[in-house]
Amino acid sequence: MKLNNDSTIGKDIGLLILRVAFAFALFYGHGFGKLSVIFGGQEIHFMDPIGIGAKLSFSLAAFAEGICAIFLLVGLFSRFASFILAINFVVIFWFHAFVAKDGFNVLELRLLYLCCFLALLFTGPGRISLDQLLFSKRKSIFYK
23 MKLNNDSTIG KDIGLLILRV AFAFALFYGH GFGKLSVIFG GQEIHFMDPI
73 GIGAKLSFSL AAFAEGICAI FLLVGLFSRF ASFILAINFV VIFWFHAFVA
123 KDGFNVLELR LLYLCCFLAL LFTGPGRISL DQLLFSKRKS IFYK
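All residue numbers for the sequence shown refer to this note's numbering, where the first residue is 23 and numbers rise by one.
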């Protein structure tokens, strides 16, 4: 069903599925645990891949994988969240590829996350998002 010259409902549903699936998986698998450590006051044990200290590295990862994943999940500040997550996964991929020298079986998931967040950075969240609802003049996905 074509809605106008350059957009279809299928594209928006596809972006919604991509955004929600990757953001939920990242938050559930990594972000929630990191935020729980921070808010629970637990001792932080983490790598220091870019030389800024383990606590700051952990806090930045928790912000990206927790807060930014939630933003992306609901489609709020999506390009900002995608940008932060892409930077996070560039660091993760670089560390595992060139410092830890892990094989492709470890790099594969990190590369998929990185590519997803880069794609969302360039495409935006689609029209089924809070960004669209709050910041766009076109409120509905069914405009002509």
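The C-beta atom is built at its ideal place from N, Cα and C for all residues, glycine as well.
Here the structure is a predicted model, which is why all the values come from computation and not from measurement.
Query	Result
Just curious, the alpha helix (DSSP H) that G32 is in, first and last residue?	I31 to L48
Just to confirm, is the Cβ distance from F93 to A103 under 7 Å?	yes
When you compare the region 135-147 with the region 36-45, are there three or more beta-carbon pairs, one atom per stretch, that lie closer than 8 Å?	yes
Identify whether Q154 lies in helix, strand or coil by the three-state DSSP scheme.	helix
Apart from the five residues just before and just after I106, which ones in its own chain have a Cβ nearer than 6 Å to its Cβ?	A86 and C90
If we ignore side chains and look at the alpha-carbon of each, how far apart do F68 and L95 end up?	25 Å
Where V128 and K159 are concerned, what is the direct C-alpha to C-alpha distance, given to the nearest angstrom?	43 Å
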